[in-house]
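One structure is given below, encoded as structure tokens.
In this note's numbering, the protein residues as written are 1303 to 1788.
Given below as structure tokens:
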């Protein structure tokens, strides 16, 4: 009861208790017994239910429309862009076909008649490569006209790339250096091959604690006899106190050769005077890789099993920089096109790219391999090839924190270091099926392979003679072969 009259609705206040009682009364009401309804009442109830169902359907349809319309509009826009791109690509293909048909006669190649005895075998080998790697060729062709990679003449650009990519179709052995100690029951695994600055001499290193230097030209000038009799002797032998893992020629002075060893030290040897200069001891475990470049002529970088990377001046005994890493470091390379940048690969399946001016954090980190990264190779200022014991090589853009540009597969590599080398747009690696595999960076598989004769062995090291089509490869039996790429 109210003690005084109410003058406005503002004076009304809800009662939670009354609200609860009202809801309870409704919920406690008995359900409607439709059997008691007469026909007009039943028809009215049915009409209300049908109307309610229609309203719900209309509401659901409107809600779905509000959701679907933007989605479908986006799909239409995407497909229109795809259609526009396909139409543009088809127009370009049509124009290029017309251009080629008017500039090249069907029965002729440029400047040479197409006869059964001249060009067909070469053309057939090249066409086979293009057919095998059709998806790669297609991507190269279509990318050449991309707005971000547009070339002045895309067709000429693609033609040049394909001619280069298919320019190697076979491998011929030209000289064999057999290991004279193969019957002495001593370790013969060749771990590293490196050419000097003018590529006139190459050095080999092995777990037999010996560095051997060979004159490249003199090996080619000698008749090549069967491998069992081809005992070409080195111009210099350098014994070392420990097994050797890697070699690197120092750019200044050019007569110095560095050898990293299993005992954690680096030996500097002057090959002209045939005397040891000094020993560098920056690591406390096996050094797996070292590298020097003309961009940093007196600097040497090393990667070790002790989970560290060190940069030192070869004229000093203390390192300039040291990086401690979370896992063993298997390989390291200066960027030969940039004096401040370097990369190293690790047992944690990762590649780290650094700037010597800012060593706190890497510029880039690349994760795509599934096992340890064993070798690295810079193909250009921005392109890096990595090799892993997951039986793949990968091409990276060092300025892009992204997935690899391309993955290369075909060789066998699940356990051992098999080497990695390259020149221009080609690179080569060894394989655990005792073969050398040569890749072009445009194709995801090998362009040529060369098997060593001995079964059960594996190719452990390779070196590309700079600016040439010559390879030197060696395997774990100590056999070294000089190969010409044709």
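Backbone N, C-alpha and C define an ideal beta-carbon position, used for all residues, glycine too. Quantities reported herein were computed from a predicted structural model and do not represent experimental measurements.
Do you know offhand how far residue 1753's Cα is from residue 1605's?
Residue 1753 sits at position 451 when you count from the first residue of the chain shown. Residue 1605 sits at position 303 when you count from the first residue of the chain shown. Cα-Cα distance, rounded: 31 Å.
In DSSP terms, what residue 1668 is bridged to
Reading the chain shown from its first residue, position 366 is the one you call residue 1668. Beta-bridge partners assigned by DSSP to residue 1668: 1653.
Alpha helix (DSSP H) containing residue 1400: first to last residue?
Translated into positions along the chain shown, residue 1400 becomes position 98. It spans 1341-1405 - the alpha helix (DSSP H) in which residue 1400 sits, taken as one unbroken run.
Cutting at 7 Å between CB atoms, please list the residues of its own chain near residue 1465, excluding the five before and the five after it.
As a working note, residue 1465 is residue 163 in the chain shown. Contacts found: none.
What did DSSP end up calling residue 1679 once you bin it into helix, strand or coil?
Counting from 1 along the chain shown, the entry for residue 1679 is found at position 377. Secondary structure of residue 1679 (DSSP, three-state): strand.
Using 8 Å as the Cβ pair cut-off and three pairs as the minimum, do the region 1667-1676 and the region 1724-1743 touch?
No contact exists between the region 1667-1676 and the region 1724-1743.
Can you have a look at residue 1420 and say buried or exposed, based on whether 16 or more other CB atoms are within 10 angstroms of its CB?
Position 118 of the chain shown holds residue 1420. Bear in mind that a pLDDT of 45 at residue 1420, under 50, signals an unreliable position, so the number given afterwards is only what the model happens to contain. It counts as exposed.
Quick test of your reading: residue 1721 and residue 1694, contact by CB under 8 Å. State the CB separation rounded to the nearest angstrom.
Mapped onto the chain shown, residue 1721 falls at position 419. Mapped onto the chain shown, residue 1694 falls at position 392. The C-beta separation of residue 1721 from residue 1694 comes to about 15 Å, leaving the pair out of contact by the 8 Å criterion.
From what residue to what residue does the alpha helix (DSSP H) around residue 1440 run?
Here residue 1440 refers to the residue found at position 138 when the chain shown is read from its first residue. First-last of the alpha helix (DSSP H) with residue 1440: 1436-1445.
Assigned exposure category for residue 1710 - 16 Cβ within 10 Å defines buried:
To locate residue 1710, count along the chain shown from 1; it is residue 408. Per the 10 Å Cβ criterion, buried.
Quick one: give me the first and last residue of the beta strand (DSSP E) that residue 1571 is part of.
The residue given as residue 1571 occupies position 269 in the chain shown. 1568-1572 is the span of the beta strand (DSSP E), which, as asked, contains residue 1571.
Give the C-beta separation of residue 1514 and residue 1544 to the nearest angstrom, bearing in mind that I take them to be a contact with Cβ-Cβ under 8 Å.
The sequence position of residue 1514 within the chain shown is 212, counting from 1. The sequence position of residue 1544 within the chain shown is 242, counting from 1. In fact, because the Cβ distance is near 16 Å, the residues do not count as touching under 8 Å.
Own chain residues within Cβ distance below 7 Å of residue 1615, not counting five before or after
Residue numbering aside, residue 1615 sits at position 313 when the chain shown is read from its first letter. Cβ-Cβ distances below 7 Å link residue 1615 to 1600, 1601, 1622 in the same chain, with the five nearest sequence neighbours on each side left out; the list follows chain order.
Euclidean distance between Cα positions of residue 1590 and residue 1777
For this step, residue 1590 is matched to residue 288 along the chain shown. For this step, residue 1777 is matched to residue 475 along the chain shown. One C-alpha to the other measures close to 18 Å.
Among 1475, 1661, 1548, which one has its Cα closest to the Cα of residue 1507?
If you number the chain shown from 1, residue 1507 lands on position 205. Answer by Cα proximity: 1548.
Please go through the same chain and pick out, in chain order, the residues whose beta-carbon is closer than 7 Å to the beta-carbon of residue 1584, but skip the five residues on each side of it.
Stepping through the chain shown from its first residue, residue 1584 is reached at position 282. Once the five neighbours on either side are set aside, the close Cβ partners of residue 1584 are 1604, 1612, 1614, 1621.
Report the three-state DSSP secondary structure of residue 1634 (helix, strand or coil).
Along the chain shown, read from residue 1 onward, the residue named residue 1634 stands at position 332. Of the three classes helix, strand and coil, the one that applies to residue 1634 here is strand, per DSSP.
When DSSP labels each residue in this structure, what does residue 1797 get in the three-state scheme?
Examination of residue 1797 is not possible in this model, given that the chain is present from 1303 through 1788 alone.
My assumption, with CB atoms under 8 Å, is that residue 1779 sits in contact with residue 1478. Please give the rounded CB distance.
Counting from one through the chain shown, the residue named residue 1779 turns up at place 477. Counting from one through the chain shown, the residue named residue 1478 turns up at place 176. At roughly 12 Å, the Cβ-Cβ gap does not stay under 8 Å, so residue 1779 and residue 1478 are not in contact.
Is residue 1686 near the ligand HEM, judged by its Cβ being under 6 Å from some heavy atom?
Ligands are entirely absent from the displayed structure, and the ligand HEM is therefore not among its contents.
Measure the alpha-carbon distance for residue 1401 versus residue 1702 and round it to whole angstroms.
Residue numbering aside, residue 1401 sits at position 99 when the chain shown is read from its first letter. Residue numbering aside, residue 1702 sits at position 400 when the chain shown is read from its first letter. Going by the C-alpha atoms only, they are around 36 Å apart.
How long is the line joining the alpha carbons of residue 1756 and residue 1398, rounded to whole angstroms?
Taking the first residue of the chain shown as position 1, residue 1756 is located at position 454. Taking the first residue of the chain shown as position 1, residue 1398 is located at position 96. Taking the straight line from one Cα to the other gives about 48 Å.
8 Å Cβ shell around residue 1634 - same chain, five flanking residues per side excluded:
Your numbering for residue 1634 matches position 332 in the chain shown. Cβ within range, chain order: 1591, 1592, 1593, 1603, 1604, 1605, 1611, 1644, 1645, 1646, 1647, 1678.
Beta-bridge partners of residue 1643, as assigned by DSSP:
For this step, residue 1643 is matched to residue 341 along the chain shown. According to DSSP, which records beta bridges pairwise, residue 1643 is partnered with 1657.
I believe residue 1578 touches residue 1571 by the beta-carbon criterion, under 8 Å. Please report the beta-carbon distance rounded to the nearest angstrom.
Locating residue 1578 in the chain shown gives position 276, counting from the first residue. Locating residue 1571 in the chain shown gives position 269, counting from the first residue. Taking a contact as a CB-CB distance under 8 Å, the pair residue 1578 and residue 1571 counts as one, their CB atoms being some 5 Å apart.
For residue 1786, write down the residues that DSSP places opposite it in a beta bridge.
Against the chain shown, residue 1786 aligns to sequence position 484. Paired residues: 1474, 1772.
Confirm, please, whether the CB-CB distance from residue 1738 to residue 1775 is below 7 Å.
As a position in the chain shown, residue 1775 is number 473, starting the count at 1. As a position in the chain shown, residue 1738 is number 436, starting the count at 1. It is a contact, given that the beta carbons lie within the stated cut-off.
Which same chain residues end up closer than 6 Å to residue 1498 when comparing Cβ atoms and leaving out the 5 residues on each side of it in sequence?
Indexing the chain shown from 1 puts residue 1498 at position 196. The answer, listed in chain order, is 1551.
From 1661, 1337, 1688, 1472, pick the residue whose C-alpha is nearest to that of residue 1430; which is it?
In the chain shown, residue 1430 corresponds to position 128, counting from 1. For the residues 1661, 1337, 1688, 1472, the minimum Cα distance to residue 1430 belongs to 1472.
Is residue 1696 buried or exposed, if buried means 16 or more other CB atoms sit within 10 Å of its CB?
As a working mapping, residue 1696 is identified with position 394 in the chain shown. Flag for residue 1696 reads buried.
Those residues which DSSP pairs with residue 1496 across a bridge
Within the chain shown, numbered from 1, the residue matching residue 1496 stands at position 194. 1505, per the DSSP bridge assignment.
Whole-number beta carbon distance between residue 1468 and residue 1432, since they are thought to touch under 8 Å
By 1-based counting over the chain shown, the position of residue 1432 is 130. By 1-based counting over the chain shown, the position of residue 1468 is 166. Going by Cβ atoms, the distance from residue 1432 to residue 1468 rounds to 7 Å, so yes, they are a contact pair.
Can you give me the C-alpha to C-alpha distance between residue 1462 and residue 1388, rounded to a whole angstrom?
Walking along the chain shown from the start, residue 1462 turns up at place 160. Walking along the chain shown from the start, residue 1388 turns up at place 86. One alpha carbon belongs to residue 1462, the other to residue 1388, and they sit about 24 Å apart.
Through-space distance from residue 1747 to residue 1740, alpha-carbon basis:
The sequence position of residue 1740 within the chain shown is 438, counting from 1. The sequence position of residue 1747 within the chain shown is 445, counting from 1. So the alpha carbons of these two residues sit roughly 9 Å apart.
So, is residue 1342 buried or exposed, given that buried needs 16 or more other C-beta atoms within 10 angstroms?
Walking along the chain shown from the start, residue 1342 turns up at place 40. Burial call: exposed.
For residue 1557, tell me which candidate among 1457, 1502, 1719 has the shortest Cα-Cα distance.
Looking up residue 1557 in the chain shown gives position 255. Nearest of 1457, 1502, 1719 to residue 1557, Cα basis: 1502.
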